[in-house]
Amino acid sequence: MRAQASIAIKVCGITKPQQAIEIALMGADAIGVIGVKNSPRYISEPERRTLFEEMIRAVPSKERVWVVANLNKDEIIKGLNSKGSPSIVQLHGNESKQYCEDLKRSHPNIQFWKSFQIRQKNDLVTAKGYQASVDAILFDSWHKSSLGGTGQRIPIEWLEDIDFQLPWWLAGGISSDCIQEILSKLKPFGIDASSKLELEPGIKNIKKVEELIKKIRAT
Numbered sequence: 015m016r017a018q019a020s021i022a023i024k025v026c027g028i029t030k031p032q033q034a035i036e037i038a039l040m041g042a043d044a045i046g047v048i049g050v051k052n053s054p055r056y057i058s059e060p061e062r063r064t065l066f067e068e069m070i071r072a073v074p075s076k077e078r079v080w081v082v083a084n085l086n087k088d089e090i091i092k093g094l095n096s097k098g099s100p101s102i103v104q105l106h107g108n109e110s111k112q113y114c115e116d117l118k119r120s121h122p123n124i125q126f127w128k129s130f131q132i133r134q135k136n137d138l139v140t141a142k143g144y145q146a147s148v149d150a151i152l153f154d155s156w157h158k159s160s161l162g163g164t165g166q167r168i169p170i171e172w173l174e175d176i177d178f179q180l181p182w183w184l185a186g187g188i189s190s191d192c193i194q195e196i197l198s199k200l201k202p203f204g205i206d207a208s209s210k211l212e213l214e215p216g217i218k219n220i221k222k223v224e225e226l227i228k229k230i231r232a233t
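In terms of my numbering, the numbers along the sequence shown are unbroken and rise by one, the last being 233.
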């Protein structure tokens, strides 16, 4: 991830290479694709490799984030090999600290982020315990039947006094309508947006993406 001159922006749940490139050129720092099979934004391995390969050619400085949940290490390692590999793996399941540490140690050129669904404020304590095991932490909203992309927000007051040494990202129900309120109270390293920017799952409304990026960059 680039040096922190301003808040970093990740747009997640992308399914089409042309949208990935358009959004990256618009100013997003990272593009996320979903490797969780029960997600409506899931894309297959060949599709993911094609999308990332096209990004490598067109926008090589942008981060390519592969979002997975509870994969065994062999599947992760397979995904990191050959063409169209990610630059970041976002672990979105119940991965242990040891699991994260093993991956980080064996693949020092890849960033590993750990995502946490925040159901209650005390979940932040669990997240803080992973700081030595990963490269960044992502906070997402909790939903009983989904690991992400729900459009729901974490209560801002839960995050106002957090003190993390690692970069932390905020996800969950983010759009241009709420970003000013969020950034007036919180100072995350990065913002991660998905479902609130969509025409349908996996297809972004480019106007909404542009509005969000402009508002963040104006902050």
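For each residue, glycine too, the CB sits at the ideal point set by N, CA and C.
Taking 7 angstroms as the threshold (C-beta atoms), are residue j and residue i in contact?
{"i": "leucine 197", "j": "leucine 173", "result": "no"}
{"i": "methionine 40", "j": "glutamate 214", "result": "no"}
{"i": "valine 103", "j": "phenylalanine 130", "result": "no"}
{"i": "alanine 38", "j": "leucine 65", "result": "no"}
{"i": "glycine 107", "j": "serine 155", "result": "no"}
{"i": "arginine 78", "j": "proline 100", "result": "yes"}
{"i": "lysine 94", "j": "lysine 128", "result": "Reading off the sequence, residue 94 comes out as leucine, not lysine. No. Outside cutoff."}
{"i": "isoleucine 57", "j": "threonine 29", "result": "yes"}
I'd like to know whether the C-beta of residue i is nearer than 7 angstroms to at least one C-beta of chain C.
{"i": "leucine 200", "result": "This model lacks chain C altogether; it includes just one protein chain."}
Within a Cβ cutoff of 7 angstroms, which residues of the same chain sit near residue i, ignoring the five residues on either side of it in sequence?
{"i": "leucine 226", "result": "Ser189, Ser190, Ile193, Ala207, Leu211"}
{"i": "proline 202", "result": "Ile21, Trp182, Trp183, Leu184"}
{"i": "glutamine 166", "result": "Ser155, His157, Gly186, Gly187"}
For a test of the three-state rule: what should DSSP assign to residue i, helix, strand or coil?
{"i": "lysine 135", "result": "coil"}
{"i": "leucine 200", "result": "coil"}
{"i": "serine 160", "result": "Any reading at serine 160 needs caution, since the residue's pLDDT is 49, under 50, leaving its predicted position unreliable; the model's value is listed next. Serine 160 falls in the strand class under three-state DSSP."}
{"i": "aspartate 149", "result": "coil"}
{"i": "leucine 39", "result": "helix"}
{"i": "glutamine 32", "result": "helix"}
{"i": "lysine 223", "result": "Checking the sequence, you will find valine at residue 223 rather than lysine. If DSSP states are grouped into helix, strand and coil, valine 223 belongs with the helices."}
{"i": "glutamine 194", "result": "helix"}
{"i": "glutamine 179", "result": "coil"}
{"i": "glutamine 166", "result": "coil"}
Kindly list the residues whose CB is nearer than 6 angstroms to the CB of residue i, restricted to its own chain and excluding five residues on each side of it in sequence; keep chain order.
{"i": "isoleucine 170", "result": "Lys199"}
{"i": "threonine 233", "result": "Leu197"}
Would you grab the beta carbon distance between residue i and residue j for me? Rounded to a whole angstrom, and I think it's under 8 angstroms.
{"i": "arginine 55", "j": "glycine 27", "result": "4 angstroms"}
{"i": "tryptophan 205", "j": "isoleucine 23", "result": "It should be noted that the sequence gives isoleucine, not tryptophan, for residue 205. With 8 angstroms as the limit, isoleucine 205 and isoleucine 23 qualify as a contact, their Cβ atoms being about 6 angstroms apart."}
{"i": "lysine 142", "j": "aspartate 116", "result": "Actually they do not touch by this definition, with Cβ atoms about 20 angstroms apart."}
{"i": "valine 81", "j": "valine 47", "result": "7 angstroms"}
Apart from the five residues just before and just after residue i, which ones in its own chain have a Cβ nearer than 8 angstroms to its Cβ?
{"i": "glutamine 179", "result": "Gln145"}
{"i": "isoleucine 230", "result": "Ser20, Ile21, Ile23, Ile193, Leu197, Ile205"}
{"i": "asparagine 84", "result": "Gly107, Asn108, Glu109"}
Inset, instruction - Ignoring anything shorter than 4 residues or poking outside the region 55 to 101, list the alpha helix (DSSP H) runs there in chain order. - result: 59 to 72, 87 to 94
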